[in-house]
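K.L.:
Residue numbers (my numbering), protein chains in the order written: chain A, 870 to 1099; chain B, 870 to 1099.
Before I ask anything, let me first share the structure, which is written out below as structure tokens.
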DNA sequence: TCATGTGAACCGGTTCACAGCC
DNA sequence: GGCTGTGAACCGGTTCACATGA
């Protein structure tokens, strides 16, 4: 189908670490688990039951247990799961062994929102550089992140361990930005633009489509709310 | 689920034409189809094949055909699908028969980004009002949308056909905002906050969790890109 | 020939349900 | 008693593959 399946070069990935193959949805859940667990710990709690964590994240106890079983983390029937240990285990899987950072392209309202939000939270996976075309933004430091000119993109990325790019530019510019980011070594893109980016098969693209989300909400606001999810 | 349509005030909606039960993911796809079709038409094309539409949206031809079959839209083997007719059919399903609008709460960077983006595109499903606590924003008109004080929320929503609310406020304020919106008649929420909103079962909540999305991208940027999706 | 329409097989994630243990 | 660990059943969406028609 138009290229996607492609790769599958017959080679079964004997990938170094991470012997576990984690399904996409589960990565989302693990990420959510970790965040809630950090709050939990910050509130002084140390142990948690599957039904508690489930409630915190909007999932079922069975789902939580299944996930934790899959990542090989064991609790005890009497005391549930040990929170900090679980956080560590999840981090072990989700975080890169070597420091990995993010580049933000497009410092409009959306870009500023992201910078602003991530400067506060999110110690791991830092936004190392921002890029924009507007001269008045270039050289400034916004929320602790330096803003460079688009022309400097290749140079800056050459000095930073950036593996993820956020595309927060106008639609027309998206593909060009994606190409340059990938050329500069980025392997994953978070795309806020309503275009399907054309990328080589080894690059991962996640589309965040607010327009579609909004229409979905409008639709289910009328028809029976299929409860929530995600 | 399991057919039991919970609430459904006994009245089987004799809605003009929509006896179809549409799965969640399909609503997303239909929304995406429509947007691409509109571009397609804007470029002067009138007919489209399943594989073309599939490519435009990142899906397979089979998936497209199945979806169109499900919504009861028929094409011809020789000429594919008629674009404008298809747009209309999708609109018939997705859009409300009566004018329905959106309220935005929180006019920070994220709120501004949304206002800015939706004022340009999106004629149907307009953002009818914005709310914030910052005095300097109150009374101003941003991207064609008036910004009111939070205290005016109930009063303003009483005069507008708002069924959807966008929650773009700081985490701490989210639940309170959600409660008030729902109290004011909103039936669907688009939540940008990293909390699980507590809502009555008839209200639909869609969480857009940028932090989780970013971690997902970072993860798959390292491990094999499982192609794209969503 | 090439694309549509569609029953049927397929697939992978979710949920069930129960054994084991504290 | 309540909770974990987990094989097995379940379920719904996706994909296949082929009959059909221009």
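We put the beta carbon where it would ideally sit given N, CA and C, even for glycine.
1) On the premise that residue 972 of chain B lies in contact with residue 1031 of chain B, defined as a C-beta separation below 8 Å, what is that separation, rounded to the nearest angstrom?
2) Report yes or no: is there a C-beta of chain B within less than 8 Å of the C-beta of residue 930 of chain A?
3) Taking buried to mean at least 16 other C-beta atoms within 10 Å of its own C-beta, is residue 1065 of chain A buried or exposed?
4) Buried or exposed, going by whether 16 or more other CB atoms sit within 10 Å of the CB of residue 975 of chain B?
5) Who are the neighbours of residue 940 of chain B on chain A, taking C-beta pairs under 8 Å?
6) Less than 8 Å separating the beta-carbons of residue 991 of chain B and residue 1080 of chain A?
7) Would you kindly work out how many angstroms separate the C-alpha atoms of residue 1088 of chain A and residue 959 of chain A, rounded to a whole number?
8) Touch check for the segment 1018-1034 of chain B and the segment 1048-1067 of chain B: three-plus C-beta pairs under 8 Å?
9) Can you pull the chain B residues whose beta carbon is under 7 Å from the beta carbon of residue 1088 of chain A, in chain order?
10) Hey, quick one: how far does the beta strand (DSSP E) through residue 978 of chain A stretch, first residue to last?
11) Please list the terminal residues of the continuous alpha helix (DSSP H) segment that includes residue 1073 of chain A.
12) Could you give the distance in angstroms between the alpha-carbon of residue 1078 of chain A and the alpha-carbon of residue 947 of chain A?
13) At what residue ranges does the segment 910-981 of chain A contain a whole run of the beta strand (DSSP E), taking only runs of 3 or more?
14) Checking contacts by CB at 8 Å: is residue 952 of chain A closer than that to chain B?
15) Can you check which of these residues, A:978, A:993, A:951, is closest to residue 966 of chain A by C-alpha distance?
16) Between which two residues does the beta strand (DSSP E) carrying residue 1018 of chain A extend?
17) The beta strand (DSSP E) that contains residue 1034 of chain A, what's its start and end?
18) With a threshold of 7 Å on Cβ separation, who are the neighbours of residue 1047 of chain A within its own chain once the five nearest residues in sequence on each side are excluded?
19) Between the segment 1003-1010 of chain B and the segment 929-945 of chain B, are three or more C-beta pairs nearer than 8 Å?
20) Taking a contact to mean a Cβ-Cβ separation below 8 Å, would you say residue 1071 of chain B touches residue 1056 of chain B in this structure?
21) In this structure, does DSSP put residue 1045 of chain B in helix, strand or coil?
22) I need the straight-line Cα distance from residue 1100 of chain B to residue 919 of chain B, nearest angstrom please.
23) May I ask you to report which of helix, strand or coil DSSP gives residue 901 of chain B?
24) DSSP state of residue 1010 of chain B, grouped into three classes?
25) Taking CB distances under 8 Å as the criterion, tell me whether residue 1056 of chain B reaches chain A.
26) Across which residues does DSSP place residue 1000 of chain B in a beta bridge pair?
27) Pull the bridge partners of residue 1058 of chain B from the DSSP assignment, please.
28) By alpha-carbon positions, which one of B:1060, B:1029, B:1027 ends up nearest to residue 1043 of chain B?
29) Going by beta carbon distance, what residues of the same chain come within less than 7 Å of residue 924 of chain A, once the five residues before and after it are set aside?
30) Using the C-alpha atoms, what's the distance from residue 1083 of chain A back to residue 995 of chain B?
31) Do we get a CB-CB distance below 8 Å when we pair residue 904 of chain A with the residues of chain B?
32) Sort B:951, B:964, B:1014, B:980 by Cα distance to residue 1092 of chain A and report the nearest one.
33) Since residue 1082 of chain A meets chain B, which of its residues come closer than 7 Å, beta carbon to beta carbon?
34) By a C-beta neighbour count over all protein chains shown, 10 Å radius and 16 as the cutoff for buried, is residue 1045 of chain A buried or exposed?
P.N.:
On the basis of the data shown:
1) Indexing the second chain from 1 puts residue 1031 of chain B at position 162. Indexing the second chain from 1 puts residue 972 of chain B at position 103. Contact holds; Cβ gap of about 5 Å.
2) Walking along the first chain from the start, residue 930 of chain A turns up at place 61. Answer no: the Cβ-Cβ gap between residue 930 of chain A and chain B never drops below 8 Å.
3) If you number the first chain from 1, residue 1065 of chain A lands on position 196. By the neighbour-count rule (16 or more Cβ atoms within 10 Å), residue 1065 of chain A is buried.
4) Residue 975 of chain B sits at position 106 when you count from the first residue of the second chain. Label assigned to residue 975 of chain B: buried.
5) For the purposes of this step, residue 940 of chain B is identified with residue 71 of the second chain, where counting begins at 1. What residue 940 of chain B touches in chain A: nothing, since even the nearest Cβ is about 13 Å away.
6) Looking up residue 991 of chain B in the second chain gives position 122. Looking up residue 1080 of chain A in the first chain gives position 211. Yes, they are a contact pair.
7) Locating residue 1088 of chain A in the first chain gives position 219, counting from the first residue. Locating residue 959 of chain A in the first chain gives position 90, counting from the first residue. If I take the Cα positions, the gap works out to 35 Å.
8) Contact holds: three or more Cβ-Cβ distances are below 8 Å.
9) Your numbering for residue 1088 of chain A matches position 219 in the first chain. The answer, in chain order, is 896, 963.
10) Looking up residue 978 of chain A in the first chain gives position 109. For residue 978 of chain A, there is no enclosing beta strand (DSSP E); the residue is part of the alpha helix (DSSP H) that begins and ends at 978-989.
11) Within the first chain, the letter at position 204 stands for residue 1073 of chain A. No alpha helix (DSSP H) contains residue 1073 of chain A, which is instead part of the beta strand (DSSP E) from 1073-1076.
12) Counted from its first residue, the first chain places residue 1078 of chain A at position 209. Counted from its first residue, the first chain places residue 947 of chain A at position 78. Cα to Cα, the separation comes out at about 43 Å.
13) Entirely contained in the segment 910-981 of chain A, the beta strand (DSSP E) runs reaching 3 residues are, in chain order, 970-974.
14) Within the first chain, the letter at position 83 stands for residue 952 of chain A. No, residue 952 of chain A does not count as interfacial toward chain B.
15) The sequence position of residue 966 of chain A within the first chain is 97, counting from 1. Minimum Cα distance to residue 966 of chain A is reached at A:993.
16) Translated into positions along the first chain, residue 1018 of chain A becomes position 149. Taken as a continuous stretch (DSSP letters only), the beta strand (DSSP E) holding residue 1018 of chain A covers 1014-1018.
17) Within the first chain, residue 1034 of chain A is the residue found at index 165, counting from 1. Element bounds for residue 1034 of chain A: 1031-1036.
18) Within the first chain, numbered from 1, the residue matching residue 1047 of chain A stands at position 178. Once the five neighbours on either side are set aside, the close Cβ partners of residue 1047 of chain A are 1036, 1058, 1066, 1068.
19) no
20) On the second chain, position 202 is the one that residue 1071 of chain B refers to. On the second chain, position 187 is the one that residue 1056 of chain B refers to. Yes, these two residues count as a Cβ contact at 8 Å.
21) For the purposes of this step, residue 1045 of chain B is taken as residue 176 along the second chain, with counting starting at 1. Under the three-state reduction of DSSP, residue 1045 of chain B is assigned to helix.
22) No information on residue 1100 of chain B is available, as it lies outside the stretch 870 to 1099 that chain B covers here.
23) Position 32 of the second chain, counted from the first residue, corresponds to residue 901 of chain B. Three-state result, residue 901 of chain B: helix.
24) What you label residue 1010 of chain B is simply residue 141 of the second chain in a count that begins at 1. Looking at residue 1010 of chain B - three-state DSSP - the assignment turns out to be strand.
25) Start at 1 with the first residue of the second chain, and residue 1056 of chain B comes out as number 187. Closer than 8 Å to some Cβ of chain A, the Cβ of residue 1056 of chain B qualifies, so yes.
26) The residue given as residue 1000 of chain B occupies position 131 in the second chain. DSSP lists B:974, B:1017 as partners of residue 1000 of chain B.
27) Here residue 1058 of chain B refers to the residue found at position 189 when the second chain is read from its first residue. In the DSSP output, where bridge partners are listed per residue, residue 1058 of chain B has B:1034, B:1074.
28) Your numbering for residue 1043 of chain B matches position 174 in the second chain. When each option's Cα is compared against that of residue 1043 of chain B, the closest is B:1060.
29) Taking the first residue of the first chain as position 1, residue 924 of chain A is located at position 55. Cβ within range, chain order: n/a, list empty.
30) As a position in the second chain, residue 995 of chain B is number 126, starting the count at 1. As a position in the first chain, residue 1083 of chain A is number 214, starting the count at 1. Approximately 11 Å, taken between the alpha carbons.
31) If you number the first chain from 1, residue 904 of chain A lands on position 35. Yes, its Cβ sits closer than 8 Å to a Cβ of chain B.
32) Residue 1092 of chain A sits at position 223 when you count from the first residue of the first chain. Nearest option by C-alpha distance: B:964.
33) Along the first chain, read from residue 1 onward, the residue named residue 1082 of chain A stands at position 213. Correct list: 1059, 1075, 1077.
34) Translated into the one-based positions of the first chain, residue 1045 of chain A becomes position 176. Answer is exposed; the Cβ neighbour count stays below 16.
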